[in-house]
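Since the structure comes first, as structure tokens, the remarks are kept for the end.
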Amino acid sequence: MLAGLDPDQRTAVTAPAGPVCILAGAGTGKTRAVTHRIAYRTMSGEISPRHVLAVTFTARAAAEMRARLGALGAGGVQARTFHAAALRQVRYFAPRLLDGRRMPELMESKARMVGLAAAKAGVRTDRAAARDLAGEIEWAKSSLVEPGEYAVAAAKALREPPYEPARVAEVFAAYEQLKRRQGVIDFEDLLRAAVWGIEEHQDVADQIRAQYRHFVVDEYQDVNPLQQRLLDAWLGGRDDLTVVGDASQTIYSFTGATSAYLIDFPRQRRGAVVVRLVRDYRSTPQVVGLANAVIRQARGTEAKLRLELVGQRPSGPEPELKIFPDEHSEAVAVARRCRELIAAGTPASEIAVLFRTNAQSETYEEALADAEVPYVVRGAERFFERAEVRQAMVALRAAVRSIPGETPLVEAVVEALAATGWNRQQPPPGGAAREQWEALAALVALAEEYAASPEILPIGEAGRVQRDISLAAFNDELIRRAEQQHAPTVSGVTLASLHSAKGLEWDAVFLAGLADGTLPTTYAKTAEQLEEERRLLYVGVTRARQLLWLSYGQSRAPGGRTRRPCRFLPQLTKGGATESRTVEPGRKPDRRRPQVSLCRICGATLLAGADRKLGRCPTCPSDLDEDLHERLQVWRAVTAAELKVPAYVVFTDATLVAVAERRPTEPAQLLAIAGIGPRKLGQYGDAVFALVAGASPDDLAQKNFEN
1 MLAGLDPDQR TAVTAPAGPV CILAGAGTGK TRAVTHRIAY RTMSGEISPR HVLAVTFTAR
61 AAAEMRARLG ALGAGGVQAR TFHAAALRQV RYFAPRLLDG RRMPELMESK ARMVGLAAAK
121 AGVRTDRAAA RDLAGEIEWA KSSLVEPGEY AVAAAKALRE PPYEPARVAE VFAAYEQLKR
181 RQGVIDFEDL LRAAVWGIEE HQDVADQIRA QYRHFVVDEY QDVNPLQQRL LDAWLGGRDD
241 LTVVGDASQT IYSFTGATSA YLIDFPRQRR GAVVVRLVRD YRSTPQVVGL ANAVIRQARG
301 TEAKLRLELV GQRPSGPEPE LKIFPDEHSE AVAVARRCRE LIAAGTPASE IAVLFRTNAQ
361 SETYEEALAD AEVPYVVRGA ERFFERAEVR QAMVALRAAV RSIPGETPLV EAVVEALAAT
421 GWNRQQPPPG GAAREQWEAL AALVALAEEY AASPEILPIG EAGRVQRDIS LAAFNDELIR
481 RAEQQHAPTV SGVTLASLHS AKGLEWDAVF LAGLADGTLP TTYAKTAEQL EEERRLLYVG
541 VTRARQLLWL SYGQSRAPGG RTRRPCRFLP QLTKGGATES RTVEPGRKPD RRRPQVSLCR
601 ICGATLLAGA DRKLGRCPTC PSDLDEDLHE RLQVWRAVTA AELKVPAYVV FTDATLVAVA
661 ERRPTEPAQL LAIAGIGPRK LGQYGDAVFA LVAGASPDDL AQKNFEN
């Protein structure tokens, strides 16, 4: 049971009974440590598997834990989510707790009932607003906040509800009344019923505590106050509790989750054993190094438990940082690289494109479809299947008849969307409403891109015409995109938001759209909110096993406003190390825009000096003229010998490769190669042009002799 464990995992497995806190960084084998701990204690006779309750946050994680325990010979352990465990107990004890009455029906979703409650309270809502109100009610109930306490609690928590807090409280109260009248409960009621059954009925408490004597809680940084109260009820003052968590992966605070219980565990539980797992078995040292650099700058409460990971895998490629002129070119490059990886043998299911918001998926759905790369959207609907997008497309088709044909395309699209209630200047509060707003903003961005690049299309031998950029033509373009993206896929590149990606991992990960204003989102205003955005990036980085690509478009659409890169990204230097920009005291920072060099193949911004010299990314294909390269090497050796200088003084190896790839035939082209200035142009330009034209080093030597 202890074979193959590293020293820290072994310490976690063999820790004595009592409170144990395992601080487990990403990829450090936390599930292995926890399952081996349970199995080790079972096989040593210390505990019985039927007395163990292991709590997870997803059914998938619970199933994985049960499978691992079964393989270790510890079958019989109950591994369930909080809600599944509570449901099982409430159903079992319902006849006793309800005097023989049937247990109320459990609602799968709050949104419909919240919509009815809002109408009863005189609050007008649409689908997105109902979802946001449901989210606020869920946060309140998870935080043990009653309707009459909501306004004060929301202000203290700096919530941004979709309506005035007093109005939300009215909807909350109406929702609770409506549920009771219809005889249904929600998931928070389920947890509350389990707590009530234990706290108010001693016989129920005795039976549950006799059944479950040893507890394990995974992802403990994501526990909310209601879940913690249920855990305390299960424990009943006992202390055989093992918790596992990583404060640096706290990314669900908006739902009521809090890392406070993890952070305070040693102080709240006297004699607690704290074990840190820092050996990362998932990612290459290069990926681990970047993850450490991202989280190293973290501040706030969670940073107290920050872990410095140590990569255990063989060395791999350096993370790639790519900068593109706009989001469209970024998506095209991502799709092209995905296609190359698949062609080279990486399964499509081992590739993921991750972004901050679901509304960003459309650009990548389109680019992957155009590149004929299969994909699946995780945790959200495909862009053109979203209700608000379908509604917007109906409005855009109707606007063809109502908006004058001479109206500029972007203006026409904005006017048509305004008829649906969308306001370009005022993003609404509330997560669902904001996401809906961003989806429609993405349609406007598409229109801007469509209007800015009126392609010249061939029409046979009769000539060429400019593409139609009318509203009707744009509608046809949207229909074409929607049809392409509805093609069924079984296995493909994963498209997912960073929140949806938590707990998952892939061989190759593309972190796209890393621009300030997107990550961190413009709605993150407080220090705590900004730190959660940093942790979101950390979670994204640590999803990659081997290859990691980070990118952003300098503008949303061609010619748009220039954006800054994500502030949480450390500056990458050659060799994958990171550095911070510092400014000497008393000196103003240099705000001059650096000279930008773009890859001549994929269009990405080139950062490293060698890449700028070559004019391409190191991963882009080389078009080296090997014969020319060989002649250049011979010529350089002869020239260096004549001048009595080292060969690199004439031209470096990288410069020779750049010349052999780019084959300059005029001074401007030679000067475009980084490292070649007017002096070297005057010294060696004629010789280089002659070699490019086909001359041999002997021809040049003979010409020099004659001169």
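Under full-length UniProt numbering, the sequence shown has 460 at position 460, and the numbering climbs by one with no breaks.
The C-beta atom is built at its ideal place from N, Cα and C for all residues, glycine as well.
Values in this document were obtained by computation on a predicted structure and should not be read as measured data.
Please list the segments of the beta strand (DSSP E) lying wholly inside the segment 352 to 411, counting only runs of 3 or more residues, in order along the chain. With a minimum length of 3 residues, the continuous beta strand (DSSP E) runs that stay inside the segment 352 to 411 are 375 to 378.
Pair every Cβ in the segment 72 to 86 with every Cβ in the segment 49 to 58, then say whether three or more of these pairs are closer than 8 Å. Touching, yes.
Can you grab the Cα-Cα spacing for the pair residue 92 / residue 143, in whole Å? Using only the alpha carbons, I get a separation of about 26 Å.
Going by DSSP in three states, residue 42 sits in which element: helix, strand or coil? If DSSP states are grouped into helix, strand and coil, residue 42 belongs with the helices.
Is it a yes or a no for the segment 540 to 549 touching the segment 504 to 517, going by three-plus beta-carbon pairs under 8 Å? Taking 8 Å as the limit for Cβ pairs, the verdict is that the segment 504 to 517 does touch the segment 540 to 549.
Contact check, residue 334 vs residue 510, beta carbons under 7 Å: It is a contact, given that the beta carbons lie within the stated cut-off.
Hey, is the segment 158 to 173 in contact with the segment 115 to 123, meaning 3+ C-beta pairs nearer than 8 Å? The segment 158 to 173 and the segment 115 to 123 touch, with no fewer than 3 CB-CB distances between them shorter than 8 Å.
Anticipated Cβ contact below 8 Å, residue 450 with residue 409, distance rounded: So it is a contact: roughly 7 Å between Cβ atoms.
Runs of alpha helix (DSSP H) lying entirely within the UniProt domain "HRDC" (622 to 702), each at least 4 residues, in chain order: Fully enclosed alpha helix (DSSP H) runs of 4 or longer: 626 to 643, 647 to 650, 653 to 662, 667 to 671 and 678 to 692.
Nearest residue (CA-CA) to residue 59, options 82, 131, 642 and 423: Proximity to residue 59 across 82, 131, 642 and 423 peaks at 82, based on C-alpha coordinates.
Per-residue burial, residue 315 [other beta carbons within 10 Å of its own, 16 or more giving buried]: By the neighbour-count rule (16 or more Cβ atoms within 10 Å), residue 315 is not buried but exposed.
Here's the rule: buried if 16 or more other CB atoms are within 10 angstroms of the residue's CB, otherwise exposed. What is residue 194? A residue is called buried once 16 or more other Cβ atoms fall within 10 Å of its Cβ, and residue 194 is buried on that count.
Since I believe residue 403 is in contact with residue 244 (beta carbons under 8 Å), could you give me their beta-carbon distance rounded to a whole number of angstroms? Wrong, their Cβ atoms sit about 57 Å apart, outside the cutoff.
Return helix, strand or coil for residue 272, following the three-state DSSP convention. Judged by DSSP in its simplified three-state form, residue 272 adopts coil rather than helix or strand.
Please classify residue 198 as buried or exposed, where buried requires at least 16 neighbouring CB atoms within 10 angstroms. Around the Cβ of residue 198, a 10 Å sphere holds 16 or more other Cβ atoms; the residue is buried.
Should residue 307 be labelled buried (16 or more other beta-carbon atoms within 10 Å of its own) or exposed? With 16 or more other Cβ atoms inside 10 Å of its own Cβ, residue 307 counts as buried.
Inter-residue spacing [alpha-carbon to alpha-carbon] between residue 10 and residue 38: Looking at the backbone, the Cα of residue 10 and that of residue 38 are separated by about 12 Å.
In terms of DSSP beta bridges, what is residue 126 paired with? When beta bridges are read from the DSSP output, residue 126 appears opposite no residue.
Quick one: what's got a C-beta closer than 6 Å to residue 259's C-beta in the same chain, skipping five residues either side? Correct list, in chain order: 221, 247, 250 and 302.
One or two residues paired with residue 321 in a DSSP bridge: Residue 321 pairs with 550.
What ranges does the beta strand (DSSP E) occupy inside the segment 220 to 266, keeping only unbroken runs of at least 3 residues that lie completely in it? Runs of the beta strand (DSSP E) inside the segment 220 to 266: 241 to 245.
If we count Cβ pairs, one from each stretch, closer than 8 Å, do we get three or more for the segment 175 to 192 versus the segment 95 to 107? Cβ pair count under 8 Å is three or more, so yes.
In whole angstroms, give me the CA-to-CA distance for residue 565 and residue 445. Distance from the CA atom of residue 565 to the CA atom of residue 445, rounded to whole angstroms, is 19 Å.
For the beta strand (DSSP E) containing residue 496, name the first residue and the last one. DSSP places residue 496 inside the beta strand (DSSP E), whose first and last residues are 493 to 497.
What are the boundary residues of the beta strand (DSSP E) that includes residue 214? Its beta strand (DSSP E) spans residues 214 to 217.
Test item: CB-CB of residue 538 and residue 513 under 7 Å: Cβ atoms of residue 538 and residue 513: not closer than 7 Å.
Near residue 266, what residues of its chain come up, given a Cβ to Cβ distance below 6 Å and the 5 sequence neighbours on each side ignored? Once the five neighbours on either side are set aside, the close Cβ partners of residue 266 are 272 and 274.
DSSP on residue 164, reduced to helix/strand/coil? Coil.
According to the neighbour-count rule (16 or more other Cβ atoms, all chains shown, within 10 Å of its Cβ), is residue 562 buried or exposed? Under the 10 Å beta carbon count, residue 562 is surrounded by fewer than 16 other beta carbons and is classified as exposed.
Cut-off 6 Å between Cβ atoms - residues of its own chain near residue 167, not counting five sequence neighbours on either side: Once the five neighbours on either side are set aside, the close Cβ partners of residue 167 are 123.
Residue 174 to residue 155 span [Cα, whole Å]: One C-alpha to the other measures close to 21 Å.
Cβ-Cβ separation, residue 547 to residue 317 (assumed contact under 8 Å), whole Å: By a beta-carbon distance limit of 8 Å, residue 317 contacts residue 547. Their separation comes to about 6 Å.
Between the CA atoms of residue 656 and residue 684 - distance to the nearest angstrom: Cα to Cα, the separation comes out at about 12 Å.
Nearest-angstrom Cα separation, counted from residue 650 out to residue 644: Going from the Cα of residue 644 to the Cα of residue 650 covers about 11 Å.
Helix, strand or coil for residue 22, going by three-state DSSP, please let me know. Here residue 22 sits in strand by DSSP.
Quick check on residue 47: does DSSP put it in helix, strand or coil? Here residue 47 sits in coil by DSSP.
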